[in-house]
Amino acid sequence: MSNIITTNIFTLSQKRYGCRAVMLETVAAVPGMVGGMLLHLRSLRRFEHSGGWIRALMEEAENERMHLMTFMEVSQPQWYERLLVITVQGIFYNAYFLGYMISPKFAHRVVGYLEEEAIYSYTAFLKEIDAGAIENGPAPAIAIDYWRLPKDARLRDVVIVIRADEAHHRDVNHFASDIHCQGQQLMQWSAPIGYH
């Protein structure tokens with residue numbers, strides 16, 4: 001009986017963090033795409049370079065997409081969880097688009113803080129893995145390929161590299177917001193690119 005209860009608690013804990021990661025990454029994949037797209041269109045309209053910011057933000061969006069794809073493999077969400085992903089993404093995309101149009105400074109700052117929350121979540125995820133509450137299973141093949149991890153990489157290794165990505169995204173977005181706070185445009189500063 002206690003074995004059944006332990007197994008169920010273990011499964012729920014793993015599922016909870018997997019679903020939380022899927023939801024975080026669903027939202028996190030939006031800002032880079034929106035910011036990159038709006039900067040791209042501005043660059044085309046004004047015939048000016050972006051200082052590498054289009055690439056940096058699109059790189060962030062792609063990286064966050066890979067986080068989502070990785071945790072989709074890990075958590076194997078149900079159809080209703082996938083529907084929730086679509087709904088949350090649709091709402092957040094439109095809200096962030098409007099927010100970025102009104103105040104890029106505020107939009108980047110919000111993303112910086114969201115990334116900080118992601119770092120806390122992944123740190124808690126690591127603690128659960130280290131405590132044995134979540135199985136440190138094999139890393140998904142998609143993660144091994146994308147982050148060039150060793151073939152014998154485990155879930156813990158994946159969470160560590162994803163947390164490092166989130167720290168980088170946090171720094172980039174706070175930097176972008178700081179540029180706007182100084183009354184300058186992103187194109188006046190070189191973007192931090194080439195992280196991957």
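Residues in the sequence shown are numbered from 1 upward in steps of one, following UniProt numbering.
Glycine is no exception: its CB is placed at the ideal position from the N, C-alpha and C atoms.
Remember, it's a predicted structure, so these values are computed and weren't measured experimentally.
Worksheet item: If we call anything under 8 Å between Cβ atoms a contact, is L44 one with Y100?
Response: Here the question's residue 44 lines up with position 44 in the sequence shown. Here the question's residue 100 lines up with position 100 in the sequence shown. If you check the CB distance, L44 and Y100 do not come in under 8 Å.
Q) Candidates Y113, A56, I160 and V88: which alpha carbon is nearest K127's? A) The residue labelled residue 127 in the question sits at position 127 within the sequence shown. When only C-alpha atoms are compared, the closest one is I160.
Minimum C-alpha distance to S190 - residue among S50, A21 and A139:
In the sequence shown, residue 190 corresponds to position 190, counting from 1. For the residues S50, A21 and A139, the minimum Cα distance to S190 belongs to S50.
Identify every run of the alpha helix (DSSP H) within the segment 72-103, keeping only runs that are complete inside it and at least 4 residues long; order them along the chain.
Qualifying alpha helix (DSSP H) stretches, in chain order: 79-102.
Beta-carbon within less than 8 Å of Q188's beta-carbon, same chain only, minus the 5 sequence neighbours each way: which residues are those?
For this step, residue 188 is matched to residue 188 along the sequence shown. Non-local C-beta neighbours of Q188 in its own chain, meaning closer than 8 Å and more than five positions away in sequence, comprise G51 and I179, ordered along the chain.
Inspect the CB distances between the segment 107-118 and the segment 166-185 and report whether three or more fall short of 8 Å.
Yes, they touch.
**Asked** Going by the beta-carbon positions, is the gap between C19 and P77 smaller than 8 Å?
**Response** Position 19 of the sequence shown holds residue 19. Position 77 of the sequence shown holds residue 77. Against a cut-off of 8 Å, the Cβ pair of P77 and C19 comes out as a contact.
Give me, in chain order, the residues of the same chain whose beta-carbon lies closer than 6 Å to that of M1; leave out the 5 immediate sequence neighbours on both sides.
Residue mapping note: residue 1 aligns to position 1 of the sequence shown, counting from 1. For M1, the pLDDT reaches just 40, beneath the cut-off of 50, and the residue's location in the model is therefore unreliable, although a value from the coordinates is still provided. Close CB contacts of M1 within its chain, under the 6 Å cut and outside five residues either way in sequence, are absent.
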